[in-house]
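K.L.:
In the numbering used here, the protein residues as written are 59 to 773.
Don't be surprised by glycine CBs; every beta carbon is placed ideally from N, CA and C.
Keep in mind the model is a prediction, meaning the values are calculated, not measured.
What follows is a single structure, and I will ask about it in a moment.
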């Protein structure tokens, strides 16, 4: 019997054969390094160098991973309003908003409500918050005007970046002093009614000093949707204190953010400093009955480094960084049974340092070696809750430092000009640490629980790749990689609190066949087949105990994904460009006892398209579209008397259309006007329910139609 998977694989082979063969033995091997990436031909794009994949300059065609570049010109052409909108238009990625953490991103068939599966960097600086181990975009609310380019490296990246780089690394670069002639920007954007944002960017050089300064703010009133749209039984709203006067999200999902950063480089020394504050109102546990539940997040990041070429063979890059983050959440929940009481709050802080020394050995044209020494020390992790509405009172912290060290080694070897082998390994160890948990602190019935996390085995993380260039128009990559994701401080605290066994790191192994073919000067095809094996996933287990049950976490989860992806870039003539992509992904649940349960939050199909046409050297019109297939919500083992069931309904697939109109250099003075429309068809669509808001069993309603006008000045 022919399955859909085998049929798609055959189609992939046939398409690759008929498109590639005419060019397979093309002789042109000219290498170009253009100054302006947007003016590049498709062939020149393959020779464009990025730094994220190996922490050094590498051509896209020679990187042992699947790489996507988003440039400043791309952002301007399509008018993306924020980082989330940019990422939702990346092939193979999709977003789910659970009303608590905001949009978090799935990739290649895997999504988790906790954003810990892709590492985010800003100018190479880690953006993880140390308390939860999350990469929340609210912690780096970078205005799009600050972004020079985004390098997206898909596939396991733990050899280079350690835990967290489960499905790849995303590096947001804002310090490219020489990447644009129009280096300084001031802008203001508004939709007149709900949203206002502004940005300032200044970059320059003075002798040996290069610098970049960026700042931005956002003020949004959020959406105005009836919460009944998210429920199968709206009569339950009475239990949450919701009535006809407060049954919409208006004024209850407001967002305010401020961001500022500075980068400087002088004679090999460099520094990067940033501060971010965001206050976003969220829904958690039940709908907000009052004016909104504000979640306040602040993050300060400092990095100092030194890069130098020691000899013709050896170069070094050393750096030390500091990260301080804090969170505070004030519940605005008022069920009738709780009327007149303060609902309560939660508070948390974290601080950590990172030290790294990377050494690059350029032994000869055929052999290159990269080594890295890494150390992270978390000196503070503290979380407390006085959540009266949830009857939860606790205080938890680490009583000593959390230390993580690692060493990695990667070798690039090219025995002949068009063949390259890459092999790397990382040795990574998290040292034991102690956790102190206090229930009901300050009360007569308080209790103290002490414990240690002692899973200190050295993790060995490998990667291998073979890259073969038939010529510069046809490149094939055979890729294998492993990555890990360590249990968070919170997950370890839960295990200690309930006396459950310690958790091991989750891990993923990926096998990928990637083919890039330049069909002609106008068309490039990227095709990939990937096979992911996710094991030791941390899952919740339920054990009946009389009339109740015992809940715990264990490393029992396993998922297997097969997928095929096509990306076609087309530039039929100078002023027109388009990209069309399609991803099919099949994720199967291989967890013991759950093999018949369809995987959650994993759409079978993803589709992206974008078109752009420049009518005049200064006038551009573009259209973009995103399709996400249907998804199921989480399977809850406690439902139906522990027989299990979904926490909500399956949500339908949806298609969103966006458009942008831009005029540059107004009046010949560097002014510009931009009008961006998102979800311009005004389509209602739903994200699948998640555990933070199970009351929204129909699904969480997505973003409405929005038009944002921008006036800016490049000088």
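Use the C-beta contact count for residue 675: other C-beta atoms within 10 angstroms, 16 or more gives buried, fewer gives exposed.
P.N.:
exposed
K.L.:
Under 7 Å, do residue 493 and residue 405 count as touching if we go by C-beta distance?
P.N.:
no
K.L.:
Count the other CB atoms, across all protein chains shown, that sit within 10 Å of the CB of residue 595; report buried if there are 16 or more and exposed otherwise.
P.N.:
buried
K.L.:
If I measure Cβ to Cβ from residue 743 and keep anything under 6 Å in the same chain, skipping five residues before and after, which residues do I get?
P.N.:
712 and 760
K.L.:
Using 8 Å as the cut-off, can you tell me whether the region 577-597 makes contact with the region 179-196, which would need three or more C-beta pairs spanning the two stretches below that distance?
P.N.:
no
K.L.:
How would you label residue 424, buried or exposed, when you count the other beta carbons within 10 angstroms and need 16 or more for buried?
P.N.:
exposed
K.L.:
Could you tell me how far apart the beta carbons of residue 218 and residue 377 are, in whole angstroms, since I believe they sit closer than 8 Å?
P.N.:
Contact annotation, residue 218 with residue 377: C-beta distance approximately 14 Å; criterion of less than 8 Å not satisfied.
K.L.:
Would you tell me roughly how many angstroms separate the C-alpha atoms of residue 310 and residue 466, rounded to the nearest one?
P.N.:
47 Å
K.L.:
Taking only three categories from DSSP, how would you classify residue 235?
P.N.:
coil
K.L.:
Can you list, in chain order, the residues of its chain with a C-beta nearer than 6 Å to that of residue 766? Leave out the 5 residues immediately preceding and following it.
P.N.:
139, 247, 249 and 734
K.L.:
Alpha carbons only, please: which of 335, 295 and 270 is nearest the one belonging to residue 194?
P.N.:
335
K.L.:
Is the CB-CB distance between residue 538 and residue 522 below 7 Å?
P.N.:
Yes, they are a contact pair.
K.L.:
Starting from residue 533, trace the alpha helix (DSSP H) in both directions and tell me its first and last residue.
P.N.:
It is not in any alpha helix (DSSP H) - residue 533 instead sits in the beta strand (DSSP E) that spans 532-543.
K.L.:
Bridge partners of residue 392, per DSSP?
P.N.:
Partner(s): none; residue 392 has no beta bridge.
K.L.:
Which term fits residue 290, buried or exposed, when burial requires 16 or more other beta carbons within 10 angstroms of its beta carbon?
P.N.:
exposed
K.L.:
Strictly by DSSP, which residues pair up with residue 637?
P.N.:
627 and 668
K.L.:
Please classify residue 368: is it buried, with 16 or more other beta-carbons within 10 angstroms of its beta-carbon, or exposed?
P.N.:
exposed
K.L.:
Where do the ends of the alpha helix (DSSP H) carrying residue 180 lie?
P.N.:
Premise fails: residue 180 lies in the beta strand (DSSP E), 177-180, not in any alpha helix (DSSP H).
K.L.:
Rounded to the nearest angstrom, what separates residue 242 and residue 381 at their Cα positions?
P.N.:
28 Å
K.L.:
Can you tell me whether residue 301 is buried or exposed? The criterion is at least 16 other CB atoms within 10 Å of its CB, across all chains shown.
P.N.:
exposed
K.L.:
Go ahead and pull the three-state DSSP assignment for residue 510.
P.N.:
strand
K.L.:
Using the Cα positions of residue 396 and residue 597, report the straight-line distance between them to the nearest angstrom.
P.N.:
33 Å
K.L.:
With distances taken Cα to Cα, identify the nearest neighbour of residue 416 among 514, 689 and 468.
P.N.:
Considering only alpha carbons, the answer is 468.
K.L.:
For residue 156, which of 763, 749 and 770 has the nearest alpha-carbon?
P.N.:
It is 749 whose Cα lies nearest to the Cα of residue 156.
K.L.:
Looking at residue 220 and residue 514, is the spacing between their C-beta atoms short of 7 Å?
P.N.:
It is not a contact, given that the beta carbons lie outside the stated cut-off.
K.L.:
Tell me whether residue 119 sits in a helix, a strand or coil according to DSSP, three-state version.
P.N.:
helix
K.L.:
Tell me, please, which residues DSSP counts as bridged to residue 277.
P.N.:
Under DSSP, the beta-bridge partners assigned to residue 277 are 254 and 314.
K.L.:
Quick one, which of 105, 332 and 148 has its alpha-carbon nearest residue 182's?
P.N.:
Ranking the options by Cα distance to residue 182, first place goes to 332.
K.L.:
Use the C-beta contact count for residue 35: other C-beta atoms within 10 angstroms, 16 or more gives buried, fewer gives exposed.
P.N.:
A query on residue 35 cannot be resolved here, the shown segment of the chain reaching from 59 to 773 and no further.
K.L.:
Return yes when the Cβ of residue 668 is within less than 7 Å of the Cβ of residue 682, no when it is not.
P.N.:
For residue 682 and residue 668, yes; Cβs fall inside 7 Å.
K.L.:
Per the contact definition of three or more C-beta pairs closer than 8 Å, is the region 699-712 in contact with the region 120-127?
P.N.:
no
K.L.:
Should the region 203-210 be regarded as contacting the region 437-453, the criterion being three or more beta carbon pairs within less than 8 Å?
P.N.:
no
K.L.:
If you draw a straight line from the C-alpha of residue 703 to the C-alpha of residue 142, how long is it?
P.N.:
Computed Cα separation, rounded: 31 Å.
K.L.:
Does the contact criterion of 3 or more C-beta pairs under 8 Å hold for the region 230-237 versus the region 278-285?
P.N.:
no
K.L.:
Out of 484, 419 and 625, state which residue places its alpha-carbon closest to the alpha-carbon of residue 664.
P.N.:
625
K.L.:
Starting from residue 553 and walking both ways along the alpha helix (DSSP H), at which residues does that stretch end?
P.N.:
547-555
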